[in-house]
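>
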Amino acid sequence: MWHFRLFVTFLVLIVLTSLASSERAYGKSPFSVKRDSDGIWFYEDEDPICFYQVIHKATANGTHRRANYIHPLLDLDGNIITEDFPEDHLHHRGIFWAWHQVRVNGENIGDNWECKEFNWHVVDPLVTRRTKSVDLLVNVTWSSSLLLDDDKNPAPIIHEQTRIRLHTTRSMYRVLDFEIQLQAIQPNVSIGGSEDDKGYGGFSPRLRMPVDPVFTGPSGNVEPQRTAVAAGQWIDIVGQFGPDDQTSGVTIITHPDNPGYPEPWILRKSGSMQNAMFPGRHAVPLGKGDEGFTLRYRLVTHRGSTNTALLNRLARQFAK
1 MWHFRLFVTF LVLIVLTSLA SSERAYGKSP FSVKRDSDGI WFYEDEDPIC
51 FYQVIHKATA NGTHRRANYI HPLLDLDGNI ITEDFPEDHL HHRGIFWAWH
101 QVRVNGENIG DNWECKEFNW HVVDPLVTRR TKSVDLLVNV TWSSSLLLDD
151 DKNPAPIIHE QTRIRLHTTR SMYRVLDFEI QLQAIQPNVS IGGSEDDKGY
201 GGFSPRLRMP VDPVFTGPSG NVEPQRTAVA AGQWIDIVGQ FGPDDQTSGV
251 TIITHPDNPG YPEPWILRKS GSMQNAMFPG RHAVPLGKGD EGFTLRYRLV
301 THRGSTNTAL LNRLARQFAK
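Residue numbers (this note's numbering): 1 to 320.
(1) If you drop the 5 nearest sequence neighbours on each side, which residues of the same chain put their C-beta closer than 6 Å to that of P205?
(2) Taking 8 Å as the threshold (C-beta atoms), are V140 and V122 in contact?
(3) Can you check the segment 95 to 167 for any beta strand (DSSP E) of at least 3 residues that lies completely inside it and give the ranges in chain order?
(4) Could you check which residue in P243, G292, N105 has the C-alpha nearest to that of G78?
(5) Inspect the beta-carbon positions of Q186 and G292 and report whether they are closer than 8 Å.
(6) Taking the alpha carbon of P72 as the point to measure from, which residue in Q53, H89, E114, R65 has its own alpha carbon closest?
(7) Does DSSP classify A60 as helix, strand or coil?
(8) Quick check on E83: buried or exposed, where buried means 16 or more other Cβ atoms within 10 Å of its Cβ?
(9) Quick one: any contact between the segment 297 to 316 and the segment 248 to 268, if contact means 3 or more CB pairs under 8 Å?
(10) For N79, which three-state DSSP category applies?
(11) Could you check what DSSP says for N312 in three-state terms: helix, strand or coil?
(12) What residues in its chain sit with their C-beta under 8 Å from that of L146, if we drop five residues either side in the sequence?
(13) Following the continuous beta strand (DSSP E) through D47, name the residue where it begins and the one where it ends.
(14) Any chance the segment 200 to 219 sits against the segment 230 to 241, with 3 or more Cβ pairs inside 8 Å?
(15) Do I253 and L314 have their beta-carbon atoms positioned less than 8 Å apart in this structure?
(16) Going by the CB atoms, is the gap between S194 and G201 shorter than 8 Å?
(17) Return the residue from the list E114, L74, I157 that minimises the CA-CA distance to I49.
(18) Compute the distance between the beta-carbons of K57 and D88, then report whether it is under 8 Å.
(19) Under the assumption that P264 contacts M277 (Cβ atoms under 8 Å), give the Cβ distance between them as a whole number of angstroms.
(20) If we call anything under 8 Å between Cβ atoms a contact, is L267 one with P210?
(21) Less than 8 Å between the beta carbons of S362 and T162, yes or no?
(22) For I55, which option in D45, I40, L90 has the closest C-alpha, if you only look at C-alpha atoms?
(23) Per DSSP, what kind of secondary structure is D36 in: helix, strand or coil?
(24) For the beta strand (DSSP E) containing Y297, list its first residue and its last residue.
(25) Using CA atoms only, rank isn't needed, just tell me which of T306, L137, Y69 is closest to R24.
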């Protein structure tokens, strides 16, 4: 009965207007938001930090239609460090989380990764501003034109609830936290990465990569390979992300409670995304309600080269 009521709730949410948005504030906050017809901008002391894409966006030809991701993301010096619709992979999109395999009863229903025959319906984004952080909470219904309901409309497949938290900027770094909860709506749902030996899928920043980037993990230098590498809880990518010669970096930190932790990493020096791989090439069942997945990631943008002590501390704090 509880699952039935939850399913009915999702159907009711779908009819709400996507850009309808609520906002709460607790104390004086340095953060502000501005909404436009596509999504929500986040600012700290009037400096832009990032944009969340609410409404579906596509190429000029109408292909690779997608929503529910962060782009642009700016670093501490105001440089845009993510890419959207890059020519080498038009389906890549800023900070995103996606999978090639979204299966119902064993059949793949569209392609969530490549933005083929797939929909993300973002419902009633809630912004909560606090003195030291700002949260964005979204409910997202996944559907596909390859699975229709009795009225010939795309049937809901998965319910996603994601919380993105932006922390106040420090002198040398800024932290963004992601908590992504996925629950099946249809029976016999499973998700998986690419079906080749790379198995990529999951949380994936598509960055504007510097020339000759340096990859570092908790144990030292990491060399990207064609397939996944084991590198530990975090990966730091350092280079010249801006137009000048200043060194800066982006760190991806995974949470110890993630299924599959410590996740293997798909890493690329150019022309692709960076990926904390989960679950890999073999699709895994996604349950309803409490039997779904919760995936947590921390993204750090920082000035200077890799500071292992700082990143280990931020990883420990994230794990609490």
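Even for Gly, the Cβ is constructed at its ideal location relative to N, Cα and C.
Result, derived from the coordinates:
(1) I95, Q274
(2) yes
(3) 95 to 98, 101 to 104, 119 to 130, 133 to 148, 154 to 167
(4) P243
(5) no
(6) Q53
(7) coil
(8) buried
(9) yes
(10) coil
(11) helix
(12) I109, G110, E117
(13) 47 to 53
(14) yes
(15) yes
(16) yes
(17) L74
(18) no
(19) 5 Å
(20) no
(21) Residue 362 lies beyond the residue range present for the chain, which begins at 1 and ends at 320; the question has no answer from this structure.
(22) I40
(23) coil
(24) 293 to 303
(25) L137
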